[in-house]
Amino acid sequence: MICSSDGIILLCFFLTRLKAQNVSSIPNETQAFNEFVKSYNRSYEIRERDQKKNIFLRNLRLIRQHNAKPNTTYKMGVNQFTDVIFPFRKENSSFQYQTVTQRSFTLQLPMNTSLLQTLSKEVDWRNSSAIGEVRAQMFCGSCWAFALAQTIASYIYLKSMNLPILSVQHLTSCASNPYNCGGSGGCDGSINVLGYAYISLYGLALEKDYPYISGDTENSEECTFRNNKTQTLARISGYEILPSNDMLAVLRHLDRVGPLTASVDSSAFYLYKSEIHEGCDFTKTIIIDHEVQLVGYGNDSELGPYWLIRNSWGKNWGEEGYIRLKRYSYVKCGYDFLPSLGTGCPMDLPQYVCGNCGILFQLSYPIGARLEDTAHPFST
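As structure tokens, this is what we get:
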């Protein structure tokens, strides 16, 4: 839902469209850094090059240490985040991420196993052609808009067998955020209920009619949408939020209805490369800071059950833009003590969140998603 709050730029930023070779396998660290700079088209000022190199080398060593562990369930790799300190902040900004000292606790809630047995063992909505290409939001905190536009497109496909590419820029530029929930709006983050509300009123343009530019400009850009011209728009009748922290409801929806928008703590993901990520540490606060599309679940014969997540960090991150996140067989819970740094509004109280990295906390989907020609508003 959010990609930025109070100037804090989180994992939605610093996306690249370039693909590097396996930099982490280059033995010489300086050579590895130079190859990274070349592959990711980095251009540093003289005074920052040494700082960026030190950050890169620290992350490179972390990657190598992690991948050398014999029992790890996932691999890390060099990517567009390797020269950035996490949690990220916007370049030239004076805002620093606040260190979280509060500790959460873990609860384990039972599951209704008889109902679980009625569900499919694996679900992957990519197999039905309801999921489009992975896109990259690049230099804009618009993860909320990507997840929302992509999920609405999926539901249009489920009704019409037509998968449109919907305009993320339309949402980023035009969906206002007057109460600073999830950020201050646009590239500075927002929440998907505001996006749903906007689309319910005005519709959502196609990508070809309102192309995405904020990733390059790093600005939300002025809203240029006009609803008095003939054009094709995505429409929705409303939206529904699943019961919070209810794993069975999520599994059942994925199995029987379709994909979902989901909110997660993405702090552990930034160097993810492949296999099943172990997820977040529930002995620490879970800060839900990122919006994704949950497109399925499965069970790896060696690594165990997982959630299948479509991200918006480009195809060169993770498994072609996807992450498989460990799925617990029980409902594991903790607290987000600082919701204002993520999905919350100012002055929100701590939130009780469940599922790995809080993935069960807030999931939603559109109702009545369809395409309409504004010259014929009742067309389907």
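Under mature numbering (1 follows the signal peptide of the UniProt record, and there is no 0), the letters of the sequence shown match residues -20 to -1, 1 to 360, in that order.
Even for Gly, the Cβ is constructed at its ideal location relative to N, Cα and C.
Return the chain-ordered list of same chain residues with a C-beta closer than 7 angstroms to the C-beta of residue i, the five sequence neighbours on each side being excluded.
i: E299; result: S254
i: Y135; result: G238, Y345, P346 and A349
i: N279; result: K101, E102 and P285
i: I6; result: A12 and E15
Is DSSP giving residue i helix, strand or coil here?
i: I145; result: coil
i: R69; result: In this predicted model, R69 has a pLDDT of only 34, less than 50, meaning its place in the structure is not dependable enough to derive any value.
i: V103; result: strand
i: G218; result: strand
i: R350; result: strand
i: Y182; result: helix
i: I256; result: strand
i: S224; result: coil
i: A242; result: strand
i: K32; result: helix
i: L251; result: coil
i: T98; result: coil
i: S344; result: strand
i: T212; result: strand
i: G57; result: coil
i: D63; result: coil
i: D235; result: helix
Taking Cβ positions only, does residue i come closer than 8 angstroms to chain B?
i: A248; result: No chain B is present in this structure, which holds just one protein chain.
What is the C-beta distance between residue i and residue j, in whole angstroms, given that I count them as a contact (C-beta under 8 angstroms)?
i: Q149; j: I216; result: About 18 angstroms separates the two Cβ atoms, so there is no contact after all.
i: L128; j: R232; result: Rounded, the Cβ-Cβ distance is 22 angstroms, inconsistent with contact.
i: I132; j: L186; result: Actually they are not in contact, since the Cβ atoms of I132 and L186 sit about 12 angstroms apart, beyond 8 angstroms.
i: S122; j: C167; result: 6 angstroms
i: V272; j: I289; result: 5 angstroms
i: S4; j: R38; result: That belief does not hold up - the Cβ atoms of S4 and R38 are roughly 13 angstroms apart, past 8 angstroms.
If you measure between the beta carbons of residue i and residue j, is that distance less than 8 angstroms?
i: S147; j: C203; result: no
i: F13; j: K33; result: yes
i: L138; j: A110; result: yes
i: W287; j: A116; result: no
i: Q342; j: T323; result: yes
i: Y182; j: N207; result: yes
i: A155; j: S140; result: no
i: E198; j: F262; result: no
i: V275; j: R106; result: yes
i: I179; j: F249; result: no
i: N296; j: N59; result: yes
i: Y219; j: Y190; result: no
i: W124; j: N92; result: no
i: L305; j: T53; result: no
i: I65; j: I35; result: yes
i: I267; j: S247; result: yes
i: S200; j: G163; result: no
Tell me which residues share the same chain as residue i and place their Cβ nearer than 6 angstroms to its Cβ, disregarding the 5 neighbours each side in the sequence.
i: R236; result: none
i: N142; result: none
i: C337; result: V244, D245, G259 and C260
i: P330; result: Y315 and F317
Suppose the cutoff is 8 angstroms on Cβ atoms and the five residues either side in sequence are ignored; what does the same chain contact list for residue i look like?
i: L42; result: M56 and L251
i: L340; result: S224, N225, D226, M227, V230, V311, V333 and C334
i: Y277; result: E102, V103, L231, L234, P285, Y286, W287, L288 and R307
i: L240; result: T131, L222, V230, H233, L234, Q273, L274, L343, S344 and Y345
i: D196; result: M118 and F119
Under the criterion of a Cβ to heavy atom distance below 7 angstroms, does residue i qualify as lining the ligand MG?
i: A129; result: Annotation note on the ligand MG: not contained in the displayed structure, which lists no ligands.
With a floor of 3 residues, list each beta strand (DSSP E) that falls wholly inside the segment 269 to 342, ordered by position along the chain.
-> 270 to 280, 284 to 290, 302 to 306, 311 to 316 and 331 to 334
At which residue ranges does the segment 115 to 177 contain complete alpha helix (DSSP H) runs of 4 or more residues, listed in the order of the chain?
-> 123 to 140 and 148 to 154
Counting only runs of 4+ residues fully inside the segment 2 to 46, write out the alpha helix (DSSP H) ranges in chain order.
-> 9 to 19
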